[in-house]
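Colleague: Here it is, the structure, as structure tokens.
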Amino acid sequence: MVSATVIDARGLLCPLPVVKLQEFARQVDEAVEVTVVATDPGVLEDIPSWCRVNGHVHLSSRQTENEYRVTVKATPQR
Amino acid sequence: MNSSPAFKPRAVALISGGLDSMLAAKIVQAQGIYVEGVNFFTGFCVEGHTQAVNSPKKAKPKRHSALWSAEQIGIPMQIVDISEDYKDVVINPTHGYGRLLNPCLDCKIFMVNHALDLVGNDGKPFDFVITGEVIGQRPKSQRAQTMPLIAKESGAHDRLLRPLSAKHLPTTLPEREGWVDPDKLYGFSGRSRKPQIELAKSLGITEWSQPAGGCCFLTDESYTKKLRDLWAARGKRDYDIEDVVLLKIGRHIRPAPHYKLIVGRREGENRFLHGFRHKFQHLTTLSHEGPLCLVDGDLSHAERRNAASIVARYSRGREAAEVMVRYTDLTGVSEEFAIQPMAPHELPAAWLLTN
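Residue numbers (this note's numbering), protein chains in the order written: chain F, 73 to 150; chain L, 4 to 358.
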């Protein structure tokens with residue numbers, strides 16, 4: 073794992089934060105740690121679920137006053 | 004068609020989050036076929052997240068039904084945002100609408116067509132498409148006459164397999180090629196859910212999503228009333244994704260053709276609407292706890308007072324003689340009104356767009 077990335081999904085309703093993460097994950101050639109920053113609490117449930125379904129690793133979920141930060145390790149699927 | 008021993012057929016299954024699509028994918032997967040799911044985001048999907056906005060403190064977990072379904076049956080799944088291209092389906096459906104603004108037949112054709120062009124998570128294409136359609140299950144799209152139409156107009160033809168009703172339908176490519184065993188497909192028809200529930204039990208599936216009235220807001224009477232109103236007010240049948248989202252949130256009130264009020268009904272909605280304040284004129288209450296109200300349109304001074312009176316009516320000060328309400332325009336300039344809350348009988352029912 074060589075780099076860290078942040079996806080800004082603030083203002084998007086689920087499942088669009090997941091779609092943004094999915095688009096990113098499809099491009100990775102090696103495992104990458106990526107954090108999705110969102111305002112829809114749905115990401116707390118959906119991103120870990122998306123990880124389990126598609127073979128990525130959910131690392132952590134954090135909630136601040138108005139934002140949710142979900143970090144995953146996106147792994148190459150090809 | 005490839006029939007070499009090394010050939011491993013691959014299928015993409017349309018997953019709505021309901022039981023039928025879950026079963027259809029599971030039946031084919033159980034025959035050793037590689038199955039991936041796809042869930043299309045149209046903008047009109049009824050999902051837990053609108054509930055999350057409405058009821059943030061509710062104990063029930065908010066989950067994406069299709070992702071959850073995929074997890075239950077153990078298939079990978081992608082979510083595809085088709086909301087922009089989907090507008091044409093909603094605005095100009097070739098085969099018309101169902102009871103409300105639901106273009107179910109065009110929708111299914113559109114989704115199967117899109118599924119054909121997808122590649123899997125590994126970048127490889129699929130050999131056929133699976134849907135959970137059952138003949139006679141739905142009055143608009145799932146009829147004996149419409150099943151061949153969907154296969155033809157989507158361009159899928161015999162690459163569209165409906166495992167739950169396959170015994171009533173023409174033989175498809177995966178059956179003909181021996182990729183799937185036709186004897187292990189089903190002949191369900193009609194509106195009864197009993198055969199599906201029995202099959203679910205036999206497959207060890209004990210829980211599934213049961214969205215009341217389907218999984219699409221276009222089958223919702225209250226929602227479609229607001230969408231029709233939006234089109235009428237704008238003089239054209241058009242929308243963007245922000246419109247679609249805002250129609251799901253709040254109490255919609257149209258006192259006049261040129262403006263509409265969107266009034267938050269609870270804390271979650273007010274918090275969500277808060278994110279749109281910079282794009283709309285808006286009203287908030289100062290003297291009493293109350294909703295945030297976005298204004299879609301331009302207001303004269305008298306109309307601002309009228310809007311303030313309506314907002315006051317939905318505040319904690321509804322019984323008070325006077326409520327302080329602040330109106331803020333798009334440049335951030337505000338004006339304050341000491342206003343008597345509108346009495347319930349003074350608010351004409353025709354203004355209310357929400358059931």
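Ideal placement from N, C-alpha and C gives every residue a C-beta, glycine not left out. All values reported here derive from a predicted model rather than from experimental measurement.
Could you have a look at D130/L and say whether DSSP puts it in helix, strand or coil?
Modeller: Sequence index remark: in the second sequence, residue 130/L carries index 127 (1-based). It is coil, neither helix nor strand.
Colleague: Beta-carbon separation of E105/F and T143/F under 9 angstroms?
Modeller: Against the first sequence, residue 105/F aligns to sequence position 33. Against the first sequence, residue 143/F aligns to sequence position 71. Closer than 9 angstroms, so yes.
Colleague: Does the CB of Q135/F have a neighbour CB from chain L at under 9 angstroms?
Modeller: Residue 135/F sits at position 63 when you count from the first residue of the first sequence. It does not; no Cβ of chain L falls within 9 angstroms.
Colleague: What whole-angstrom Cβ distance do G193/L and G139/L have, given they're in contact under 8 angstroms?
Modeller: Against the second sequence, residue 193/L aligns to sequence position 190. Against the second sequence, residue 139/L aligns to sequence position 136. The beta carbons of G193/L and G139/L sit about 5 angstroms from each other, so the pair counts as a contact at 8 angstroms.
Colleague: Tell me, please, which residues DSSP counts as bridged to G300/L.
Modeller: If you number the second sequence from 1, residue 300/L lands on position 297. Answer by DSSP bridge pairing, in chain order: Y262/L.
Colleague: Along chain L, which residues have their Cβ under 8 angstroms away from the Cβ of T111/F?
Modeller: As a first step, residue 111/F is located in the first sequence; it is residue number 39 there, counting from the start. Result: G278.
Colleague: Quick check on the DSSP output: the alpha helix (DSSP H) that includes D91/L runs from which residue to which?
Modeller: The residue given as residue 91/L occupies position 88 in the second sequence. It spans 86 to 94 - the alpha helix (DSSP H) in which D91/L sits, taken as one unbroken run.
Colleague: Look up D23/L in the DSSP assignment and say whether it is helix, strand or coil.
Modeller: As a working note, residue 23/L is residue 20 in the second sequence. Correct three-state label for D23/L: helix.
Colleague: Counting only C-beta atoms, is E2/L closer than 9 angstroms to chain F at any point?
Modeller: Because chain L spans 4 through 358 in this model, residue 2/L falls outside it and cannot be assessed.
Colleague: If you measure beta-carbon to beta-carbon, which residues of the region 80 to 100 of chain F are closer than 8 angstroms to chain L?
Modeller: G83, L85, C86, P87, L88, V90, V91, Q94, R98
Colleague: Nearest-angstrom Cα distance between D184/L and S212/L?
Modeller: On the second sequence, residue 184/L is found 181 positions in, with the first residue counted as 1. On the second sequence, residue 212/L is found 209 positions in, with the first residue counted as 1. The alpha-carbon of D184/L is positioned some 28 angstroms away from that of S212/L.
Colleague: When the Cα atoms are used, what is the spatial distance from V125/F to R98/F?
Modeller: As a position in the first sequence, residue 125/F is number 53, starting the count at 1. As a position in the first sequence, residue 98/F is number 26, starting the count at 1. Rounded to the nearest angstrom, the two C-alpha atoms are 14 angstroms apart.
Colleague: Sorted by chain position, which residues of the same chain lie with C-beta nearer than 7 angstroms to W234/L's C-beta, five sequence neighbours on each side aside?
Modeller: Residue numbering aside, residue 234/L sits at position 231 when the second sequence is read from its first letter. Closer than 7 angstroms at Cβ, skipping near neighbours: R240.
Colleague: If you measure between the beta carbons of L350/L and I244/L, is that distance less than 9 angstroms?
Modeller: Against the second sequence, residue 350/L aligns to sequence position 347. Against the second sequence, residue 244/L aligns to sequence position 241. No; because the gap between Cβ atoms is not below 9 angstroms, this pair is not in contact.
Colleague: CA-CA distance, M73/F and T134/L?
Modeller: Here residue 73/F is taken as the residue at index 1 of the first sequence, counted from 1. Here residue 134/L is taken as the residue at index 131 of the second sequence, counted from 1. With a pLDDT of only 49 at M73/F, under 50, the local geometry of the prediction cannot be trusted, and the value read off the model is given with reservation. Computed Cα separation, rounded: 38 angstroms.
Colleague: Counting only Cβ pairs nearer than 8 angstroms, list the residues of chain L close to R141/F.
Modeller: For this step, residue 141/F is matched to residue 69 along the first sequence. Neighbours of R141/F on chain L: none; closest Cβ ~17 angstroms, over 8 angstroms.
Colleague: Could you tell me if A28/L is buried or exposed, where buried requires 16 or more neighbouring beta carbons within 10 angstroms of its beta carbon?
Modeller: Against the second sequence, residue 28/L aligns to sequence position 25. With 16 or more Cβ atoms within 10 Å of its Cβ, A28/L is classed as buried.
Colleague: Taking 9 angstroms as the CB-CB cut-off, is S121/F touching chain L?
Modeller: The sequence position of residue 121/F within the first sequence is 49, counting from 1. Interface residue, yes.
Colleague: Verify the CB distance criterion: does V125/F have a CB-CB separation below 9 angstroms to chain L?
Modeller: Within the first sequence, the letter at position 53 stands for residue 125/F. Cβ-Cβ to chain L under 9 angstroms: yes for V125/F.
Colleague: Any idea if S168/L is buried or exposed, counting beta-carbon neighbours within 10 angstroms, 16 or more meaning buried?
Modeller: The count along the second sequence starts at 1 and reaches residue 168/L at position 165. S168/L is buried by the Cβ-count criterion.
Colleague: Output needed for E136/L: all residues of its chain with C-beta closer than 6 angstroms, excluding positions within five of it in sequence on either side, in chain order.
Modeller: Sequence index remark: in the second sequence, residue 136/L carries index 133 (1-based). Hits under 6 angstroms: Q145, R165.
Colleague: Using a beta-carbon distance below 9 angstroms, is E74/L in contact with chain F?
Modeller: Along the second sequence, one-based indexing puts residue 74/L at 71. E74/L counts as touching chain F.
Colleague: Among L26/L, V15/L, A14/L, whose alpha-carbon lies nearest the alpha-carbon of E210/L?
Modeller: Position 207 of the second sequence holds residue 210/L. Among L26/L, V15/L, A14/L, the Cα nearest to that of E210/L belongs to L26/L.
Colleague: Hey, quick one: how far does the beta strand (DSSP E) through N105/L stretch, first residue to last?
Modeller: Taking the second sequence and counting its residues from 1, one reaches residue 105/L at position 102. Neither: N105/L is in no beta strand (DSSP E) and is coded neither H nor E.
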